[in-house]
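S.K.: Here our numbering = 1-based position in the sequence shown + 122. Think of the CB as a built atom: it goes at the ideal place given N, C-alpha and C, for glycine as much as any other residue. No experiment lies behind these values; they were computed from the predicted model shown.
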Amino acid sequence: MPAGPQDVTKIKEDGWRQGSALPSDLVDSLSREGLLQSAHSRDDLLIVLSHHCDVTSSSLAAEPFVELLSLKLVSKRDGNLDWGKNPRRYQFVDSRTSPLLIYEVSVHDRVLVPRDRLLGYKPDSARAIDDETRSRLCRWVAARYTRSAFPDSFNERVGPAVEQIRPLFKRAGHLLTGVYLLVVDDELPEGESYRILLIATMLDEDYRDASARASAQELLDRVEAIMHDCDGVDIGLTELRSEAELSLHEIRTLKRWDFD
Numbered sequence: 123m124p125a126g127p128q129d130v131t132k133i134k135e136d137g138w139r140q141g142s143a144l145p146s147d148l149v150d151s152l153s154r155e156g157l158l159q160s161a162h163s164r165d166d167l168l169i170v171l172s173h174h175c176d177v178t179s180s181s182l183a184a185e186p187f188v189e190l191l192s193l194k195l196v197s198k199r200d201g202n203l204d205w206g207k208n209p210r211r212y213q214f215v216d217s218r219t220s221p222l223l224i225y226e227v228s229v230h231d232r233v234l235v236p237r238d239r240l241l242g243y244k245p246d247s248a249r250a251i252d253d254e255t256r257s258r259l260c261r262w263v264a265a266r267y268t269r270s271a272f273p274d275s276f277n278e279r280v281g282p283a284v285e286q287i288r289p290l291f292k293r294a295g296h297l298l299t300g301v302y303l304l305v306v307d308d309e310l311p312e313g314e315s316y317r318i319l320l321i322a323t324m325l326d327e328d329y330r331d332a333s334a335r336a337s338a339q340e341l342l343d344r345v346e347a348i349m350h351d352c353d354g355v356d357i358g359l360t361e362l363r364s365e366a367e368l369s370l371h372e373i374r375t376l377k378r379w380d381f382d
């Protein structure tokens, strides 16, 4: 039976919000009804992706659905997937657990279910993701529609370099929260080089750690050496910075370089 207006307010009262983890009995119920697109083990998480205001809206007609995102527990960390460097797959570590748990997300593993299916259940507060992870996940999903695009000719020239960089990032990519390029949007003809600037960022607390910064600089130096061997690409300034040192102007000007 469709939920009435009074029923829907119970969603807010029960504590549902963006980032809430669905309890296992609700996951099982949705799965039995065929509302989930993939299988879920007890170790996996299913969280609410919809905005707080949409989750708790008093109007079921205005917000009939809630969007869910599946987080799969995996055994190995891949630095290429840390900090949103890949637009289709994302990994994060839940540092609140012992041992640490590694979750992987596919941007395709999202599903809409009727919002009134939350009624009668409370979120699993023990497994809710922290606010910082929730915020980063939401920005990563949104970036699928807003991420930077590079000229085809540039992508072709750096393709061999990217294949060499991937293994480096797999091992140590967790040190860098982003890699940004300053590069023209034009399709340059053969014989005309792209002149680029490259800036890599770290969490501010990691950047202030001398050992972590040295390891990140070593990684960046290897990336720079690989890029120098790209035909048709001239790399100028290469710089490692704290995220706190990246200005709004630079964020608007630079393009985030994803490793897809």
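So within the region 127 to 161, which uninterrupted alpha helix (DSSP H) runs reach at least 4 residues, ignoring any that extend past its ends?
M.R.: Whole alpha helix (DSSP H) segments, 4+ residues: 127 to 135 and 146 to 154.
S.K.: Would you kindly check if the distance between the Cβ of residue 209 and the Cβ of residue 229 is under 8 Å?
M.R.: Cβ atoms of residue 229 and residue 209: closer than 8 Å.
S.K.: With residue 300 as the anchor, note down where its beta strand (DSSP E) starts and where it stops.
M.R.: 300 to 304 is the extent of the beta strand (DSSP E) around residue 300.
S.K.: Quick one: is residue 337 near chain D, going by C-beta distance under 8 Å?
M.R.: Here chain D cannot be found, since the structure has a single protein chain.
S.K.: Taking the alpha-carbon positions, what's the residue 237 to residue 302 distance?
M.R.: When rounded, the distance between both Cα atoms is 39 Å.
S.K.: Decide if residue 278 is buried, meaning its Cβ has at least 16 other Cβ atoms within 10 Å, or exposed.
M.R.: Burial call: exposed.
S.K.: Would you list, in sequence order, the uninterrupted alpha helix (DSSP H) runs of no fewer than 4 residues that lie entirely inside the region 174 to 215?
M.R.: DSSP runs (the alpha helix (DSSP H)) wholly in the region 174 to 215: 174 to 177.
S.K.: Got a sec? Which residues, its chain only, sit under 6 Å from residue 319 by beta carbon, not counting five neighbours each side?
M.R.: Around residue 319: 304, 358 and 359.
S.K.: In three-state terms, what does DSSP make of residue 357?
M.R.: Strand.
S.K.: Helix, strand or coil for residue 377 per DSSP?
M.R.: In this structure, residue 377 counts as strand in the three-state DSSP scheme.
S.K.: Can you tell which of 269, 286, 373 and 157 has the C-alpha that lies nearest to the C-alpha of residue 344?
M.R.: Nearest C-alpha to residue 344: 286.
S.K.: Expressed to the nearest angstrom, what Euclidean distance is found between the alpha-carbon atoms of residue 363 and residue 158?
M.R.: Their backbone Cα atoms lie some 41 Å apart in a straight line.
S.K.: Report the residue ranges of all beta strand (DSSP E) runs contained in full by the region 320 to 370; include only those spanning at least 3 residues, in chain order.
M.R.: Correct list: 355 to 364.
S.K.: Could you give the DSSP three-state label for residue 270: helix, strand or coil?
M.R.: DSSP places residue 270 in coil when its eight states are reduced to three.
S.K.: On the premise that residue 148 lies in contact with residue 243, defined as a C-beta separation below 8 Å, what is that separation, rounded to the nearest angstrom?
M.R.: That pair is a contact at about 5 Å.
S.K.: Check for me: the beta strand (DSSP E) holding residue 228 runs from which residue to which?
M.R.: Residue 228 -> beta strand (DSSP E) spans 223 to 228.
S.K.: Short of 6 Å in beta carbon distance, which residues of its chain neighbour residue 215, apart from the five on each side in sequence? Order them along the chain.
M.R.: Closer than 6 Å at the Cβ level, and outside the excluded window around residue 215, lie 222 and 224.
S.K.: For residue 452 and residue 310, which I take to be in contact (beta-carbon distance under 8 Å), what is that distance rounded to the nearest angstrom?
M.R.: Residue numbering for the chain in the displayed model covers 123 to 382; residue 452 lies beyond these limits and cannot be assessed.
S.K.: Skipping 5 residues on each side, what residues in its chain have a beta carbon closer than 6 Å to that of residue 371?
M.R.: Same-chain partners within the cutoff: there are none.
S.K.: Consult DSSP for residue 124 and reduce its assignment to one of helix, strand or coil.
M.R.: With a pLDDT of 45 at residue 124, under the threshold of 50, the modelled position of that residue is not reliable, and no figure is offered here.
S.K.: Whose CA, out of 331, 317, 373 and 328, lies closest to the CA of residue 349?
M.R.: When each option's Cα is compared against that of residue 349, the closest is 317.
S.K.: Would you tell me roughly how many angstroms separate the C-alpha atoms of residue 155 and residue 190, rounded to the nearest one?
M.R.: Approximately 15 Å, taken between the alpha carbons.
S.K.: Residue 176: which of 289, 307, 139 and 146 sits nearest, CA to CA?
M.R.: Residue 139 is the option with its Cα nearest to residue 176.
S.K.: For the beta strand (DSSP E) holding residue 311, just list the boundary residues, first then last.
M.R.: First-last for residue 311: undefined, no H or E at that position.
S.K.: When DSSP builds the beta bridges, which residues end up paired with residue 170?
M.R.: DSSP, once it has assigned bridges, lists 190 as partnering residue 170.
S.K.: Would residue 353 and residue 292 be called neighbours here (beta carbons separated by less than 8 Å)?
M.R.: Result no, Cβ atoms of residue 353 and residue 292 do not sit closer than 8 Å.
S.K.: Is residue 226 buried or exposed, if buried means 16 or more other CB atoms sit within 10 Å of its CB?
M.R.: Buried, because 16 or more other Cβ atoms sit within 10 Å of the Cβ of residue 226.
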